[in-house]
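Residue numbers (the numbering used here), protein chains in the order written: chain P, 1 to 134; chain Y, 135 to 268. One structure is given below, encoded as structure tokens.
Number of protein chains: 2
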Amino acid sequence: MKALNKSKQRQAILDFLCTRKDHPSVEVIYNNVRDVIPDISLGTVYRNLNLLADMGTVKRIRGLDSVDHFDADIRPHQHFMCTECGRVEDIFLEDPSVVTAMEDQVRRHHDSVTGSDIYFYGRCSECLDKLPES
Amino acid sequence: MKALNKSKQRQAILDFLCTRKDHPSVEVIYNNVRDVIPDISLGTVYRNLNLLADMGTVKRIRGLDSVDHFDADIRPHQHFMCTECGRVEDIFLEDPSVVTAMEDQVRRHHDSVTGSDIYFYGRCSECLDKLPES
DNA sequence: TATAAAATCAGTAATTATTACTGATTATTA
DNA sequence: TAATAATCAGTAATAATTACTGATTTTATA
């Protein structure tokens, strides 16, 4: 897989994504990048996000809402998803060795284990405030 | 959330799902259930899978192919996804305590952690045979 | 059992998310 | 600078999913 050429559209998408920690959807990315490049098309946003994800420059996250979300932070980390509002937050485990230990466990039965994704579920603090009970 | 009434369509969907360990998609479920109930509609399959998933009777899995897959096995377990062919296999960790240990780590920063999903990625044995190198 | 109320259905239309296609433009290479 | 390749905007098409409607079935109750 060879490197991509430069394009201001792709750069603008990546620049925007780097400013966000909340794993925006394609729709959100599209709307925001249009502030910079008003005539960018939705197809271009999709195509470039897919290219960037294929290259490993960004990470695709499939949330609870069945639309793709993207993250420019590709350091190994996990995610917390609010089952109430769908918000996705980053989790950096204090002791990440448990993850590699798990992968090693799995590797005993599957020759090839190249990585893992871990999603934690619960209610985010904001939703807990809104609905203390139930 | 109250219990569902009985319906032969819903039962047929659930019966079929219980026979499968490969986390079929809605499309696959639909085609197979039609062997039993030829005039069942795709909308009914969707609606019932969503109802069953909401009740916790089945588990929804979002794979690499962005279509929903379903699993009638709701025991806590993990999944292995082949990055080559998309196949989803069950993983039962020999030492599942690492999962609860991780959840406890997360619970220090998020008051409410109700569960987690773990996906391992790699190539399944079948795809490894096909493409030993690369 | 008969009947009324509620749940569920099939069929289909509509919506939403995503991908594919086309000819024009832009970037890279030599 | 000219040739080649990559990328673009715009749009059409596809695929997945949900919503709606009036008919049917199931459940609860008398």
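Note that the Cβ used here is the ideal one computed from N, Cα and C, for glycine as well.
Residue i in three-state terms, based on DSSP
i	result
P:Glu126	helix
P:Ser97	helix
P:Asp35	coil
Y:Ile225	strand
Y:Asn139	coil
P:Ile74	coil
Y:Asp238	helix
Environment of residue i [buried if 16+ CB atoms lie within 10 Å]
i	result
P:Ser116	buried
P:Pro38	exposed
Y:Asp245	exposed
P:Glu133	Because the pLDDT at P:Glu133 is just 49, under 50, the model does not fix this residue reliably, and the value given afterwards should be weighed accordingly. It is exposed - the Cβ of P:Glu133 has fewer than 16 other Cβ atoms within 10 Å.
Y:Lys193	buried
Y:Gly256	buried
P:Met55	exposed
Y:Val179	buried
Unbroken beta strand (DSSP E) run spanning residue i, endpoints
i	result
P:Phe70	68-71
Y:Ile195	193-196
Alpha-carbon spacing of residue i relative to residue j, whole angstroms
i	j	result
Y:Val162	Y:Asp169	11 angstroms
Y:Ser141	Y:Asp205	20 angstroms
P:Gln18	Y:Val222	The residue asked about is misnamed: residue 18 of chain P is Cys in this sequence, not Gln. Rounded to whole angstroms, P:Cys18 to Y:Val222 spans 32 angstroms at the Cα level.
P:His119	Y:Phe214	Here residue 119 of chain P turns out to be Tyr, not His, going by the sequence shown. Looking at the two C-alpha atoms, the distance is approximately 14 angstroms.
P:Asp15	P:Val33	9 angstroms
Y:Val286	Y:Arg154	Since the displayed chain Y opens at 135 and closes at 268, residue 286 of chain Y lies outside it and no answer follows.
P:Leu49	P:Ser66	16 angstroms
Y:Gln239	P:Ser41	42 angstroms
P:Cys127	P:Gly86	10 angstroms
Residue i - containing alpha helix (DSSP H), residue span
i	result
Y:Lys142	142-152
P:Arg47	42-55
Original post:
Going along the region 241-257 of chain Y in order, which residues come within less than 9 angstroms of chain P, judged by CB to CB distance?
Top reply: Here the close residues are Arg241, Arg242, His243, His244, Asp245, Ser246, Val247, Thr248, Gly249, Ser250, Asp251, Ile252, Tyr253, Phe254, Tyr255, Gly256, Arg257.
Subject >> Selection of the region 177-191 of chain Y by Cβ proximity to chain P, strictly under 9 angstroms >> reply: Correct list: empty, as no residue qualifies.
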